[in-house]
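A quick write-up on the structure given underneath.
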Amino acid sequence: MSKIKFDLFALLEAIDKIKLYSQDFSDADTFYHDQKSFDATMMQFIVIGEIISRLDINFKKSNNKIPWQKIKDFRNIIAHDYFG
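For the sequence shown, the residue numbers in our numbering are 262 to 345.
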């Protein structure tokens with residue numbers, strides 16, 4: 262399997278985990294206060310940001326409708342300003 266395919270499968274897996282960890286919550290406040298589910302979800306957003314950081318630049322350019330930088334910026338907010 263090529264590196265790009267591996268990374269894309271890893272992205273899909275992280276997205277599936279986010280759906281799984283957050284599906285049982287009807288509102289953001291309840292979700293936020295379920296520490297395990299919230300933390301697990303935030304970790305998957307960090308994983309997504311890390312994968313995006315290592316994606317080939319040409320792949321990102323050819324898929325420029327995806328807001329790559331915004332996704333990476335969101336990862337940085339979670340990782341570096343988690344309590345801010």
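Backbone N, C-alpha and C define an ideal beta-carbon position, used for all residues, glycine too.
If you're wondering where the values come from, they're calculated on a predicted model, not measured in any experiment.
Label A275 either buried or exposed according to how many other C-beta atoms from any shown protein chain fall within 10 Å of its C-beta, with 16 as the threshold for buried.
buried
Proximity to F306 [Cα-Cα], best of R336, F267 and M262:
R336
With a cut-off of 8 angstroms on the beta carbons, I'd call I309 and I332 a contact; round off their distance for me.
6 angstroms
Compute the distance between the beta-carbons of K326 and I313, then report whether it is under 9 angstroms.
no
Roughly how many whole angstroms lie between the Cα atoms of Q330 and D317?
13 angstroms
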